[in-house]
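A.B. asks: In this note's numbering, the protein residues as written are 807 to 1285. C-beta: ideal position from N, C-alpha, C; glycine also. Questions regarding the structure given below will be posed in turn.
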DNA sequence: TCTGGGGTCCTAGGACCC
DNA sequence: TCTGGGGTCCTAGGACCC
């Protein structure tokens, strides 16, 4: 928590429908719904005119049509929403560089870099200005909450809707939260709310009055600890500008339940292609393939399998996903299938960039993971290796020793691709040498062995050791 | 009117290793 | 021969968010 109300949460009002109404004047002032328009679709966004009829996000479209037959029902046009979102976020970043975009229509801001001493009045003025610029430039309205933490900012952007703003003075957090329903706290969904209500806890104030032990006993360690703090208005989470993706997935729901294994397999292949395309577009590979299935009764199954090395290849992902599908009982029919890849690393398959590589210089690099004879740990020597530039290098892997494990197999082509990071994992006894070949320049080596003969521990990070400026490019096999 | 699609995080049990 | 405690990885499921 900060001493000053410098954390902001900005949320665009009824974003999807607002963009549609901007693009199509005939929709303005009318109930508009964006979402799945077909049989099993649900509402993504209902315009404020539609909310009068009780329409809400996540409501089945069929019910929305019944409640408000005259609304315009539109399929989402994500390109248009992305464009509008970019325009807004550009304006937001003019106010502060510390912006955490949490979704297409939402962001946290930290004003500290530009206005470390901001008080309630100044923050109010800055937010007024930002909202005015957003409206002038894009036609969209945004609501903003501001306070000493993400929690307070988020809760109050919601209360400010639509087209409003609230700046919470430091020190008033707990008293403002106390009368609210527990559902107001982010992270309290239907299940948690029901559990709390069953114990007579309906308001944030009641929750705040409990001992930590009691909340943990009720909700588990992680969730309980966090909610106990939140209920008291305590929240130390930072605004982080970038976060690495943890998984990539694609799923879809059938118009009617499917039992035919041939159709299901075809669908798995289509989903796999979408996932693979996105992995390669982002330069990612993953080790764990997940198949998701939803049954006729809406219960959800997941089956997963973990590969020895990461992949971004459709064929590899598809083979695993199909194998997982084989193990599923589909006799009662499936309503949804999904394919996902997790355990991601910034690692690009050799074949992807082959065409692009031909004209580039390919410097020599050597990466070595070593260990002494006694110490065996699967994670010794693992981790991200800092590889600065040039952006792409490729070469061949040698492994020695009985217990070496590496995502790179002997003889395999490997590359450090555009992201400036690569990785090597050794299992202790033996060693992995990644030897990059090209013009006679070695730019450096990665060393993970201990200098003084003690056992290697996971705390020993891989070290990037630049090559001597001189000419010894011949020795590229290790220390 | 049955309930989308993209994610994140947590829990819990079992395997395996030291 | 029996016993234990810690740590990591993997798998499955569930809550939650937009």
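For residue 816, report the span of its beta strand (DSSP E) as first-last.
C.D. replies: Element bounds for residue 816: 813 to 818.
A.B. asks: Could you tell me which whole alpha helix (DSSP H) segments of length 4 or greater appear in the region 813 to 862?
C.D. replies: Listed in chain order, they are 821 to 829 and 854 to 857.
A.B. asks: Run through the region 1080 to 1155 for me and flag every whole beta strand (DSSP E) of 3 or more residues, listed as ranges in chain order.
C.D. replies: Within the region 1080 to 1155, the complete beta strand (DSSP E) runs of at least 3 residues are 1091 to 1101, 1106 to 1117 and 1140 to 1151.
A.B. asks: Which residues mark the beginning and the end of the alpha helix (DSSP H) in which residue 891 is found?
C.D. replies: It spans 884 to 901 - the alpha helix (DSSP H) in which residue 891 sits, taken as one unbroken run.
A.B. asks: May I have the straight-line CA-CA distance separating residue 978 from residue 953, to the nearest angstrom?
C.D. replies: Each residue's Cα considered, the two are about 10 Å apart.
A.B. asks: Quick check on residue 923: buried or exposed, where buried means 16 or more other Cβ atoms within 10 Å of its Cβ?
C.D. replies: Residue 923 is exposed by the Cβ-count criterion.
A.B. asks: Could you check the C-alpha separation between residue 1114 and residue 891 for me, to the nearest Å?
C.D. replies: Going by the C-alpha atoms only, they are around 39 Å apart.
A.B. asks: If we call anything under 8 Å between Cβ atoms a contact, is residue 858 one with residue 849?
C.D. replies: Cβ atoms of residue 858 and residue 849: not closer than 8 Å.
A.B. asks: Could you pull the start and end residues of the beta strand (DSSP E) that residue 905 belongs to?
C.D. replies: It spans 905 to 909 - the beta strand (DSSP E) in which residue 905 sits, taken as one unbroken run.
A.B. asks: Below 8 Å CB to CB, which residues in the same chain sit around residue 931 once its five sequence neighbours on both sides are set aside?
C.D. replies: Closer than 8 Å at Cβ, skipping near neighbours: no residue.
A.B. asks: Report, in whole angstroms, the separation of the C-beta atoms of residue 998 and residue 1025, which I expect to be a contact under 8 Å.
C.D. replies: The pair is a contact, with the Cβ atoms about 6 Å apart (cut-off 8 Å).
A.B. asks: Leaving out five residues on either side along the sequence, give the residues of the same chain with a beta carbon under 7 Å from the beta carbon of residue 1128.
C.D. replies: So the qualifying residues of the chain are 1071 and 1074.
A.B. asks: What do you get for residue 814, buried or exposed, if any count of 16 or more other CB atoms within 10 angstroms of its CB means buried?
C.D. replies: Buried.
A.B. asks: Quick one: what does DSSP say residue 1249 is sitting in, helix, strand or coil?
C.D. replies: Bear in mind that the predicted position of residue 1249 carries a pLDDT of just 39, short of 50, making it unreliable; the figure below should be weighed with that in mind. Correct three-state label for residue 1249: strand.
A.B. asks: Which of helix, strand or coil does DSSP assign to residue 996?
C.D. replies: Of the three classes helix, strand and coil, the one that applies to residue 996 here is helix, per DSSP.
A.B. asks: With a threshold of 16 other CB atoms inside 10 Å of the CB of residue 900, please say whether the residue is buried or exposed.
C.D. replies: It counts as exposed.
A.B. asks: Classify residue 984 as helix, strand or coil using the three-state DSSP reduction.
C.D. replies: The answer is coil: DSSP assigns residue 984 none of H, G, I, E or B.
A.B. asks: Helix, strand or coil, according to DSSP, for residue 1053 in the structure here?
C.D. replies: Strand, per DSSP.
A.B. asks: Given that a residue counts as buried once 16 or more other Cβ atoms are within 10 Å of its Cβ, and exposed if not, what is residue 1081?
C.D. replies: Buried.
A.B. asks: CA-CA distance, residue 1009 and residue 871?
C.D. replies: Those two C-alpha atoms are separated by around 34 Å.
A.B. asks: Could you give the C-beta distance for residue 988 and residue 1013, rounded to a whole number, given that I count them as a contact under 8 Å?
C.D. replies: Yes, residue 988 and residue 1013 are in contact; Cβ-Cβ is about 6 Å, under 8 Å.
A.B. asks: In chain order, what residues of the same chain have a beta carbon less than 8 Å from the beta carbon of residue 980, not counting five sequence neighbours either side?
C.D. replies: So the list reads 1014, 1038 and 1039, once near-sequence residues are dropped.
A.B. asks: What did DSSP end up calling residue 916 once you bin it into helix, strand or coil?
C.D. replies: In this structure, residue 916 counts as strand in the three-state DSSP scheme.
A.B. asks: Along the chain, where does the alpha helix (DSSP H) that runs through residue 963 open and close?
C.D. replies: Run containing residue 963: 956 to 966, per the alpha helix (DSSP H) assignment.
A.B. asks: CB-CB under 8 Å to residue 947, same chain, minus the five flanking residues each way: which ones, in chain order?
C.D. replies: 818, 819, 824, 937, 940, 941, 968 and 969, listed in sequence order.
A.B. asks: Work out the CA separation of residue 1140 and residue 821 for me, nearest whole Å.
C.D. replies: Each residue's Cα considered, the two are about 32 Å apart.
A.B. asks: Taking 8 Å as the cut-off, decide whether the C-beta atoms of residue 1099 and residue 1033 are in contact.
C.D. replies: Their beta carbons are not under 8 Å apart, which means residue 1099 does not touch residue 1033 by this criterion.
A.B. asks: Terminal residues of the continuous alpha helix (DSSP H) containing residue 926?
C.D. replies: Element bounds for residue 926: 926 to 944.
A.B. asks: Tell me, to the nearest whole angstrom, how far the beta carbon of residue 958 is from that of residue 933; I am working on the premise that it is less than 8 Å.
C.D. replies: Not a contact, Cβ separation roughly 14 Å.
A.B. asks: From what residue to what residue does the beta strand (DSSP E) around residue 870 run?
C.D. replies: From DSSP, residue 870 is part of no beta strand (DSSP E) but of the alpha helix (DSSP H) over 867 to 873.
A.B. asks: Taking 8 Å as the limit between beta carbons, can you name the residues of its chain near residue 1123, skipping five residues before and five after?
C.D. replies: Result list for residue 1123: 1078, 1081, 1082, 1095, 1117, 1145 and 1147, in chain order.
A.B. asks: To the nearest angstrom, how far is it from the Cα of residue 809 to the Cα of residue 976?
C.D. replies: Taking the straight line from one Cα to the other gives about 7 Å.
A.B. asks: Pop quiz: residue 1042 and residue 807 are said to be a contact at Cβ under 8 Å. What is the actual Cβ separation, rounded to whole angstroms?
C.D. replies: With 8 Å as the limit, residue 1042 and residue 807 qualify as a contact, their Cβ atoms being about 6 Å apart.
A.B. asks: DSSP three-state call for residue 1019: helix, strand or coil?
C.D. replies: Helix.
A.B. asks: Should residue 985 be labelled buried (16 or more other beta-carbon atoms within 10 Å of its own) or exposed?
C.D. replies: Counting Cβ neighbours within 10 Å, residue 985 comes out exposed, since fewer than 16 surround it.
A.B. asks: Can you tell me which residues form a DSSP beta bridge with residue 880?
C.D. replies: Answer is 840.
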